[in-house]
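**Q** Sharing a structure with you now.
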Amino acid sequence: LFSEKKKSLEGKRFLVTAGATIEPIDPVRYISNHSSGKMGYAIAEALVQRGAEVTLVSGRTALDKPEGVERVDVLSAEEMYEACVERFQQMDGAVMCAAVADYTPAVVADEKLKKSDSDMSIALKRTKDIAAALGAQKGSRVLVGFAMETQNERENAQSKLQRKNFDFIVLNSLRKEGAGFRGDTNIVSLIDSREKVDLPLMSKSDVAEHIVDKIESFL
Ligand code: PMT
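Written as structure tokens, this is what we have:
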């Protein structure tokens, strides 16, 4: 059955971001999030299985490099930004699945920060929005975003679609069991300017197939 899989994306190139970024505070501490990389890696695999050339820009994960994928390892949001912007012009599309830090420490301490008896706070500055930067130079490429909201999901997803110039957005249902971070399953809605399609609970690899089907409809 495997060999019968259609190679409908032969000759197409895609950039996929996956996993969590790591924002250093000092040499021993960092700010990050719960992304395991599983969703993004599943998308990279689904694209490769259809014959596409895939560059996977990956934050730190425990996953093995999928076969046939070129992986670029990055840590911070800034490194992920550089890796993506540098490559996007050569691509036919990009899927922004990484959970990128919106804020990073304003200064990274050279030495381990010492504790004292009082509380402390860390000044944070905004990171660059990778998806929006690619959206601004999208042309006829396909650009797919993700959204992870805990409130006003639908409206926020719609506004992200426009702001970042996505062709469609994959909204994770974070309130539901079996969706979102870490696990092997997800529950998502695919939202474009015309419609919202709610998919049931399924494996991340099946979600990836639906996403890649929709990408093909935009090519
Ligand atoms: O890795 P897993 O454990 O399998 O979990 C998968 C996931 C839940 C992380 C994934 O499905 C997901 O939702 N990823 C995007 C999460 C996210 O950061 O959403 P957001 O609403 O903060 O960002 C919106 C979009 O902009 C995303 O496509 C994001 O990649 C992109 N973005 C955000 C900030 C930034 N500085 N640059 C970006 O490109």
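Add 878 to the 1-based position in the sequence shown for the numbering used here, that's all there is to it. Don't be surprised by glycine CBs; every beta carbon is placed ideally from N, CA and C.
Leaving out five residues before and five after lysine 1092 in sequence, what residues of the same chain have Cβ atoms less than 7 Å from its Cβ?
**A** Excluding residues within five positions, the ones whose Cβ falls inside 7 Å are Phe1046 and Leu1068.
**Q** Helix, strand or coil for leucine 934? Go by DSSP, reduced to three states.
**A** Correct three-state label for leucine 934: strand.
**Q** Can we count threonine 899 as close to ligand 1, meaning its CB is less than 6 Å from some heavy atom?
**A** Result no, Cβ not under 6 Å from ligand 1.
**Q** My understanding is that lysine 1082 touches methionine 917, with C-beta atoms under 8 Å, so please give their C-beta distance in whole angstroms.
**A** With a Cβ gap of about 5 Å, lysine 1082 and methionine 917 count as contacting.
**Q** I need the straight-line Cα distance from serine 913 to glycine 946, nearest angstrom please.
**A** Going from the Cα of serine 913 to the Cα of glycine 946 covers about 23 Å.
**Q** Hey, quick one: how far does the beta strand (DSSP E) through serine 1067 stretch, first residue to last?
**A** 1066-1069 is the extent of the beta strand (DSSP E) around serine 1067.
**Q** For glutamate 931, which residues of its own chain have a beta-carbon under 6 Å away from its beta-carbon, when the five flanking residues on both sides are left out?
**A** The answer, listed in chain order, is Arg891.
**Q** Taking the DSSP output, what are the residues bridged to valine 1022?
**A** For valine 1022, which the question treats as bridged, DSSP gives the partners Val973 and Phe1046.
**Q** With hydrogens ignored, establish whether the beta-carbon of isoleucine 1089 is closer than 6 Å to any heavy atom of ligand 1.
**A** Not so, every heavy atom of ligand 1 lies at least 6 Å from the Cβ.
**Q** In chain order, what residues of the same chain have a beta carbon less than 7 Å from the beta carbon of arginine 965, not counting five sequence neighbours either side?
**A** Around arginine 965: Leu893 and Thr933.
**Q** Quick check: what's the CA-CA separation for valine 1020 versus glutamate 1094?
**A** Cα to Cα, valine 1020 sits roughly 9 Å from glutamate 1094.
**Q** Taking the alpha helix (DSSP H) that aspartate 1076 falls in, what are its first and last residues?
**A** Note, aspartate 1076: premise wrong, no alpha helix (DSSP H); beta strand (DSSP E) at 1074-1076.
**Q** For methionine 969, is the classification buried or exposed, using 16 other Cβ atoms within 10 angstroms of its Cβ as the cut-off for buried?
**A** Per the 10 Å Cβ criterion, buried.
**Q** Where does glutamate 1087 sit, in a helix, a strand or coil, going by DSSP?
**A** Note: glutamate 1087 maps to helix in three-state DSSP.
**Q** Would you say phenylalanine 1024 touches ligand 1, meaning its beta carbon is less than 6 Å from a heavy atom?
**A** Correct: phenylalanine 1024 has its Cβ closer than 6 Å to ligand 1.
**Q** Report buried or exposed for valine 985, applying the criterion of at least 16 other Cβ atoms within 10 angstroms of its Cβ.
**A** Valine 985 comes out exposed.
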